[in-house]
Amino acid sequence: MANPGAIAKAMSALREDQLNDLIKKAIKAKVPADEIVAECRAGLGEVGERFNKGEYFISELMFAGEIMKDVMATLTPLLKKGPKPKAKAGAKHIVVATVRGDIHDIGKDIVVLMLRGAGYDVTDLGVDVKPEGIVDAVRKSKAFMVGLSVFLTTCCKALQDTADALKKAGLRDQVNIMIGGAAASDMVAQRTGCDSYGATAVDAVTLAHAAAK
Ligand code: B12
Numbered sequence: 034m035a036n037p038g039a040i041a042k043a044m045s046a047l048r049e050d051q052l053n054d055l056i057k058k059a060i061k062a063k064v065p066a067d068e069i070v071a072e073c074r075a076g077l078g079e080v081g082e083r084f085n086k087g088e089y090f091i092s093e094l095m096f097a098g099e100i101m102k103d104v105m106a107t108l109t110p111l112l113k114k115g116p117k118p119k120a121k122a123g124a125k126h127i128v129v130a131t132v133r134g135d136i137h138d139i140g141k142d143i144v145v146l147m148l149r150g151a152g153y154d155v156t157d158l159g160v161d162v163k164p165e166g167i168v169d170a171v172r173k174s175k176a177f178m179v180g181l182s183v184f185l186t187t188c189c190k191a192l193q194d195t196a197d198a199l200k201k202a203g204l205r206d207q208v209n210i211m212i213g214g215a216a217a218s219d220m221v222a223q224r225t226g227c228d229s230y231g232a233t234a235v236d237a238v239t240l241a242h243a244a245a246k
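According to the numbering used here, the stretch in the sequence shown is residues 34 to 246, in order.
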């Protein structure tokens, strides 16, 4: 990166024109798309901090989300072109969702993109998905893995409810549950009866490879 931190700074300041300009330059300089995404995430983290401090309001949070969606429209074709490890034969299907009550989807969409790029069949259930919806999808697809995004701490209970619903349906032994997103951590995974936590979409692929039988 020619000017480290500049993309994160432009993102956190919500300077869309400057950000687009810096991203164009980074692409031209052949900076890998996942590095650009990482800088944007750092900037969005700062947006979250400013929101917490009362310096930004919900309108700024929404604007940041829109900017990031546009950035992803530019970067998605480049992420697709990156080198990809391949899925193991046999274990193919993964169900991905943002949990009940939570509508954050930008990170989830990147996870879906990377998993598909690695050769997995992915059912993307979208956002605000109830445990029953996940159970149905696992049953239909015979998935070996579930990926859950969670961004709001108030929604962590939905992780536990999803793991419990899978158990009640007799499907828990068949699936490995990985979690990710701003409210997720190793500890949250442990406490909610899930199997693993990944900090990035690349981790999601690594965890899928590890769980594939
Ligand atoms: C943009 C944004 C929004 C946008 C979302 C737009 C969209 N379409 O997604 C909007 C404006 C809608 C929004 C709304 C709200 N938000 Co918001 N939002 C954010 C923000 C700034 C960025 C999130 C983001 O897109 N990041 C960019 C992507 C690329 O990164 P990522 O999401 O982290 O994803 C990566 C990894 O996490 C990982 N990953 C993601 N999912 C998964 C899944 C698996 C299985 C694995 C392995 C990995 C993985 O891979 C991804 C790529 O590497 C975060 C701040 C933050 N630190 O995350 C707050 C944040 C999540 N929001 C927050 C809040 C409070 C809210 C609201 C409640 C605000 C309000 N008062 O209304 C509402 C809630 C709405 C709801 N019911 O869900 C808080 C949550 C605090 C908390 N502890 O609960 C945060 C943390 C901001 C803060 N205060 O610090 N938000």
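C-beta atoms are modelled at their ideal positions from N, C-alpha and C, and glycine is treated no differently.
With a cutoff of 8 Å on beta-carbon distance, Val179 and Val145 are scored as not near each other. Looking at Leu77, Val104, Met105, the one whose alpha-carbon comes closest to that of Leu94 is Leu77.
Boundaries of the beta strand (DSSP E) around Ala130: 126-131.
DSSP places Thr156 within a strand segment (E or B) once states are collapsed to three. If you check the C-beta of Met220 against the ligand B12, you find no heavy atom less than 7 Å away. Here Gly213 carries a strand assignment [DSSP, helix/strand/coil]. Linking Ile60 to Lys42 through their CA atoms gives a straight-line distance of about 17 Å.
In the DSSP assignment, Val221 falls outside any beta strand (DSSP E) and lies within the alpha helix (DSSP H) extending over 219-224.
With contacts defined as CB atoms closer than 8 Å, Ala202 and Arg172 qualify as a contacting pair. Across the set Leu199, Asp135, His242, Ile139, the C-alpha of Leu199 shows the shortest separation from the C-alpha of Glu165. For Ser182, the shortest C-beta to heavy atom distance toward the ligand B12 is below 7 Å.
Membership of Gly180 in the beta strand (DSSP E) is indicated by the continuous run 178-182.
Going by DSSP, Lys58 is part of the alpha helix (DSSP H) stretching over 49-61. Annotation for Glu82 indicates a beta carbon within 7 Å of some heavy atom of the ligand B12.
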